[in-house]
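Just so we're on the same page, my numbering is the position in the sequence shown counted from 1, plus 46. From the three backbone atoms N, C-alpha and C, an ideal C-beta is built for every residue, glycine too. Here the structure is a predicted model, which is why all the values come from computation and not from measurement.
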Amino acid sequence: MKEVRRPYLWLLAGVAVGAVVAAVGGIAALLDLDGMIAGALILVGTAGVLLSAAPLVVRIIKLFDALERHRGDLAAMAAYGAPPGIPADNEDAVAGTRRLTTLLADLGGRMALDRASPEKRLAAIVAAIDQAVVVTTESGLVSLVNAAAKTLLGTDRVAVGTSLFAALDREETVKLALAAREKGMPQTTTLETVDGRRLEARVVDLGQHGGTVYFLPMPDVDKGAVPLPQIDHDPSLHDRLPQPAAAPTAETSLADLAAVILDTETTGLDVDADRIVAVGGVCVQGLRVFRAAAIDRLVSPGVSIPRQSIAVHGITDAMVKDAPPVTALLEELAGLFENRVVVGYQIGFDLAVLAAEAERNGYPWTPPLSLDVLRLVAALEPRSSERDLDQVAERLGVTTAGRYTALGDALMTAEVFVRLIPRLAERGIHTLGDAIDLSNGAKAVIRLQKASGW
Numbered sequence: 047m048k049e050v051r052r053p054y055l056w057l058l059a060g061v062a063v064g065a066v067v068a069a070v071g072g073i074a075a076l077l078d079l080d081g082m083i084a085g086a087l088i089l090v091g092t093a094g095v096l097l098s099a100a101p102l103v104v105r106i107i108k109l110f111d112a113l114e115r116h117r118g119d120l121a122a123m124a125a126y127g128a129p130p131g132i133p134a135d136n137e138d139a140v141a142g143t144r145r146l147t148t149l150l151a152d153l154g155g156r157m158a159l160d161r162a163s164p165e166k167r168l169a170a171i172v173a174a175i176d177q178a179v180v181v182t183t184e185s186g187l188v189s190l191v192n193a194a195a196k197t198l199l200g201t202d203r204v205a206v207g208t209s210l211f212a213a214l215d216r217e218e219t220v221k222l223a224l225a226a227r228e229k230g231m232p233q234t235t236t237l238e239t240v241d242g243r244r245l246e247a248r249v250v251d252l253g254q255h256g257g258t259v260y261f262l263p264m265p266d267v268d269k270g271a272v273p274l275p276q277i278d279h280d281p282s283l284h285d286r287l288p289q290p291a292a293a294p295t296a297e298t299s300l301a302d303l304a305a306v307i308l309d310t311e312t313t314g315l316d317v318d319a320d321r322i323v324a325v326g327g328v329c330v331q332g333l334r335v336f337r338a339a340a341i342d343r344l345v346s347p348g349v350s351i352p353r354q355s356i357a358v359h360g361i362t363d364a365m366v367k368d369a370p371p372v373t374a375l376l377e378e379l380a381g382l383f384e385n386r387v388v389v390g391y392q393i394g395f396d397l398a399v400l401a402a403e404a405e406r407n408g409y410p411w412t413p414p415l416s417l418d419v420l421r422l423v424a425a426l427e428p429r430s431s432e433r434d435l436d437q438v439a440e441r442l443g444v445t446t447a448g449r450y451t452a453l454g455d456a457l458m459t460a461e462v463f464v465r466l467i468p469r470l471a472e473r474g475i476h477t478l479g480d481a482i483d484l485s486n487g488a489k490a491v492i493r494l495q496k497a498s499g500w
């Protein structure tokens, strides 16, 4: 405790000395001593007070920032029934807030254990299978993966909540899953991984439960690399999305808001000239992210994709050669947007590109009601300069797996958005109208976006 208090004692001592010097200067002025001497003493004393107090002020600001963040953590825990993740304080944080972080994380762990389902015995059995087992939703989101699958396909490529198509060839995998569904019986063949390997695969459709199970035998060379039995799963990914009854209004509560979180990948950053090559989206209802209600679409742009863009999103001309045109995407999105707010990170860019594509192809387009998560973050944390999606996600305890795909970015943005809702409520922001008003206050971000052409 002494080590914690000692810096504050030195700061207070510096403030006291500065105050004394300033007071002496003031007395000198009252006694009509040399004006320059009195002024100098006052100036030196005041400067001493300010310089001594500055580190204390900085630490106080950091303390309040940390406490404000943890207040949001507690609000999120209350809203979720369990915390979405407690991010660590940075190394400059006050020692007391680091202890608070530890306590919150411990409490969150206990809550998670209390909520553990009776399915864990079954999960342990699946975990022990020496074949790679992956379960996906109808849209290809991974809802269960065992240790063997992580070893075979890569831990980052088959994380729960990410797209299976980050690991296996999309066209072959979709075709096999559809065959299993239509024929009502397991299908056996080989599938190509994104890194060019061919693997034996047995695919089983889950029928009315919605989804597909992939069994991939482990090559002998990989069997020795499988760690102790373990499994990651989230059955809620198979939950059905409720349909919104009416269009949202300014009075719609954020806790009940129907939204679609959207992200696009394009041939470049010119909203008027560049084309869409992929779109990812996921639906949200209040604080719930319905990962099963996700879209992950490749789009034929009708032009060659520049190498610098391929380096960012990894989508090549060969991958979109047989993809549907953008008009098919626009029609699908029109249905998805109905009675929902469109939310995204710098969503103005995505909507501007979609509007340009609609005009280019003679497709009727009505700009949907939208909300920019970046603007919300900037308005909530005006002192923070760390506003990249990765940085914000880490602060909120959101995993960054699957980044730099349209669906991966949409999923991450969705998790960030629902974690912001309890924090917004703590600031008195309860409705869609409140959130839009708050986001419109992020003037610096808005200026930069307008300078970029959208």
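- [ ] Decide if the segment 459-471 is in contact with the segment 310-318; the criterion is three or more beta carbon pairs, one per stretch, under 8 Å apart.
- [x] Counting Cβ pairs under 8 Å, fewer than three are found: no touch.
- [ ] Under the assumption that residue 322 contacts residue 220 (Cβ atoms under 8 Å), give the Cβ distance between them as a whole number of angstroms.
- [x] Along the sequence shown, read from residue 1 onward, the residue named residue 322 stands at position 276. Along the sequence shown, read from residue 1 onward, the residue named residue 220 stands at position 174. About 20 Å separates the two Cβ atoms, so there is no contact after all.
- [ ] Taking 8 Å as the threshold, find out whether the segment 367-382 comes into contact with the segment 400-413 through three or more Cβ pairs.
- [x] Cβ pair count under 8 Å is three or more, so yes.
TODO: For residue 326, I'd like the list of residues in its chain whose CB is within less than 6 Å of its CB, leaving aside the five on either flank, ordered along the chain.
DONE: As a first step, residue 326 is located in the sequence shown; it is residue number 280 there, counting from the start. Same-chain partners within the cutoff: 309, 342, 452, 453, 456.
Open item on the list: Quick check on residue 363: buried or exposed, where buried means 16 or more other Cβ atoms within 10 Å of its Cβ?
Closed with: Position 317 of the sequence shown holds residue 363. With fewer than 16 neighbouring CB atoms inside 10 Å of its own CB, residue 363 falls in the exposed class.
Task: Residue burial classification, residue 243 (beta-carbon count within 10 angstroms, cutoff 16) - done: By 1-based counting over the sequence shown, the position of residue 243 is 197. Burial call: exposed.
Task: Extent of the continuous alpha helix (DSSP H) run through residue 527 - done: No statement about residue 527 is possible, as the shown extent of the chain runs from 47 to 500 and does not include it.
TODO: Label residue 486 either buried or exposed according to how many other C-beta atoms from any shown protein chain fall within 10 Å of its C-beta, with 16 as the threshold for buried.
DONE: Within the sequence shown, numbered from 1, the residue matching residue 486 stands at position 440. So residue 486 ends up on the exposed side.
Open item on the list: Rounding to the nearest angstrom, what Cα-Cα distance links residue 397 and residue 288 in this structure?
Closed with: As a position in the sequence shown, residue 397 is number 351, starting the count at 1. As a position in the sequence shown, residue 288 is number 242, starting the count at 1. Spanning the two alpha carbons is a distance of roughly 25 Å.
Task: residue 378 versus residue 266 - alpha carbon distance - done: Residue mapping note: residue 378 aligns to position 332 of the sequence shown, counting from 1. Residue mapping note: residue 266 aligns to position 220 of the sequence shown, counting from 1. Their Cα atoms are separated by approximately 44 Å.
TODO: Within 10 angstroms of the Cβ of residue 79, are there 16 or more other Cβ atoms? Answer buried if so, exposed if not.
DONE: Position 33 of the sequence shown holds residue 79. Bear in mind that the predicted position of residue 79 carries a pLDDT of just 49, short of 50, making it unreliable; the figure below should be weighed with that in mind. Result: exposed.
Task: CB of residue 387 within 9 Å of CB of residue 414, strictly - done: Within the sequence shown, numbered from 1, the residue matching residue 387 stands at position 341. Within the sequence shown, numbered from 1, the residue matching residue 414 stands at position 368. In contact: residue 387 and residue 414 (Cβ atoms closer than 9 Å).
TODO: With DSSP collapsed to three states, give me the class of residue 308.
DONE: Indexing the sequence shown from 1 puts residue 308 at position 262. Residue 308 falls in the strand class under three-state DSSP.
- [ ] Taking only runs that begin and end inside the segment 173-251, name each unbroken alpha helix (DSSP H) of 4 or more residues, in chain order.
- [x] Counting only runs of 4 or more, we get 193-199, 216-229.
Task: Paired residues, beta bridge with residue 371 - DSSP - done: In the sequence shown, counting from the first residue as 1, residue 371 sits at position 325. Its beta-bridge partners are 346.
Open item on the list: Given this structure, state the Cα-to-Cα distance separating residue 139 from residue 446, to the nearest angstrom.
Closed with: In the sequence shown, counting from the first residue as 1, residue 139 sits at position 93. In the sequence shown, counting from the first residue as 1, residue 446 sits at position 400. Low confidence applies to residue 139: its pLDDT is 49, below 50, so where it sits in the model is not reliable, and the reading given next is rough at best. Looking at the two C-alpha atoms, the distance is approximately 23 Å.
- [ ] Whole angstroms is fine: what's the gap from residue 293's alpha carbon to residue 383's?
- [x] In the sequence shown, counting from the first residue as 1, residue 293 sits at position 247. In the sequence shown, counting from the first residue as 1, residue 383 sits at position 337. Approximately 10 Å between the Cα atoms of the pair.
- [ ] Measure the beta-carbon distance from residue 213 to residue 258 and round it to whole angstroms, keeping in mind my assumption that it falls under 8 Å.
- [x] Numbered from 1 along the sequence shown, position 167 holds the residue referred to as residue 213. Numbered from 1 along the sequence shown, position 212 holds the residue referred to as residue 258. Under the criterion of beta carbons closer than 8 Å, residue 213 and residue 258 do not qualify as touching, at roughly 14 Å.
Open item on the list: Quick check: the Cα distance between residue 305 and residue 263, rounded to an integer number of angstroms?
Closed with: For the purposes of this step, residue 305 is taken as the residue at position 259 of the sequence shown. For the purposes of this step, residue 263 is taken as the residue at position 217 of the sequence shown. The straight-line gap from Cα to Cα measures roughly 40 Å.
Task: Reference residue 245; option with closest CA among 177, 473, 184, 354 - done: Numbered from its first residue, the sequence shown carries residue 245 at position 199. Restricting attention to 177, 473, 184, 354, the CA atom closest to the CA of residue 245 is found in 177.
TODO: Note down the Cα distance separating residue 186 from residue 196, rounded to an integer number of angstroms.
DONE: By 1-based counting over the sequence shown, the position of residue 186 is 140. By 1-based counting over the sequence shown, the position of residue 196 is 150. In this structure, the CA atom of residue 186 is about 16 Å from the CA atom of residue 196.
Task: CB contact flag (residue 332, residue 301, <9 Å) - done: Translated into positions along the sequence shown, residue 332 becomes position 286. Translated into positions along the sequence shown, residue 301 becomes position 255. The answer is yes: Cβ separation under 9 Å.
Task: Between the CA atoms of residue 401 and residue 319 - distance to the nearest angstrom - done: Taking the first residue of the sequence shown as position 1, residue 319 is located at position 273. Taking the first residue of the sequence shown as position 1, residue 401 is located at position 355. Rounded to the nearest angstrom, the two C-alpha atoms are 11 Å apart.
Open item on the list: Determine whether the beta carbon atoms of residue 335 and residue 307 lie at a separation below 9 Å.
Closed with: Walking along the sequence shown from the start, residue 335 turns up at place 289. Walking along the sequence shown from the start, residue 307 turns up at place 261. The answer is yes: Cβ separation under 9 Å.
Task: Residue from 324, 393, 192, 422 with nearest C-alpha to residue 416 - done: Working through the sequence shown from its first residue, we reach residue 416 at position 370. The shortest CA-to-CA distance from residue 416 to any of 324, 393, 192, 422 is the one to 393.
TODO: Report back the beta-carbon spacing between residue 199 and residue 235 to the nearest angstrom; my notes put them in contact at under 8 Å.
DONE: Indexing the sequence shown from 1 puts residue 199 at position 153. Indexing the sequence shown from 1 puts residue 235 at position 189. The pair is not a contact, with the Cβ atoms about 17 Å apart (cut-off 8 Å).
Task: Among 175, 279, 216, nearest to residue 206 - alpha-carbon criterion - done: Your numbering for residue 206 matches position 160 in the sequence shown. Comparing Cα positions, the closest option is 279.
TODO: Out of 365, 476, 497, state which residue places its alpha-carbon closest to the alpha-carbon of residue 520.
DONE: Here the chain has residues from 47 to 500 only, and residue 520 is not among them.
Task: Selected residue, minimal CA-CA separation from residue 368, among 324, 204, 276, 421 - done: Position 322 of the sequence shown, counted from the first residue, corresponds to residue 368. Measuring from the Cα of residue 368, the nearest candidate turns out to be 324.
- [ ] Return the chain-ordered list of same chain residues with a C-beta closer than 8 Å to the C-beta of residue 470, the five sequence neighbours on each side being excluded.
- [x] Position 424 of the sequence shown holds residue 470. Only 300, 422, 426, 476, 480, 481, 484 meet the Cβ criterion.
Task: Length-filtered (4 minimum) alpha helix (DSSP H) runs lying within the segment 412-481 - done: Taking only runs of at least 4 residues, the alpha helix (DSSP H) segments lying wholly in the segment 412-481 are 419-426, 435-441, 452-472.
Open item on the list: Rounding to the nearest angstrom, what Cα-Cα distance links residue 420 and residue 488 in this structure?
Closed with: Against the sequence shown, residue 420 aligns to sequence position 374. Against the sequence shown, residue 488 aligns to sequence position 442. Using only the alpha carbons, I get a separation of about 9 Å.
Task: Length of the line joining the Cα atoms of residue 410 and residue 347 - done: Looking up residue 410 in the sequence shown gives position 364. Looking up residue 347 in the sequence shown gives position 301. Counting only the Cα atoms, residue 347 lies some 19 Å from residue 410.
Task: Alpha carbon of residue 440 to alpha carbon of residue 466, nearest angstrom - done: Along the sequence shown, one-based indexing puts residue 440 at 394. Along the sequence shown, one-based indexing puts residue 466 at 420. Whole-angstrom Cα-Cα distance: 13 Å.
Open item on the list: Quick check on the DSSP output: the alpha helix (DSSP H) that includes residue 325 runs from which residue to which?
Closed with: Looking up residue 325 in the sequence shown gives position 279. No alpha helix (DSSP H) contains residue 325, which is instead part of the beta strand (DSSP E) from 322-331.
Task: residue 472 versus residue 478 - alpha carbon distance - done: To locate residue 472, count along the sequence shown from 1; it is residue 426. To locate residue 478, count along the sequence shown from 1; it is residue 432. For residue 472 and residue 478, the distance between alpha carbons rounds to 15 Å.
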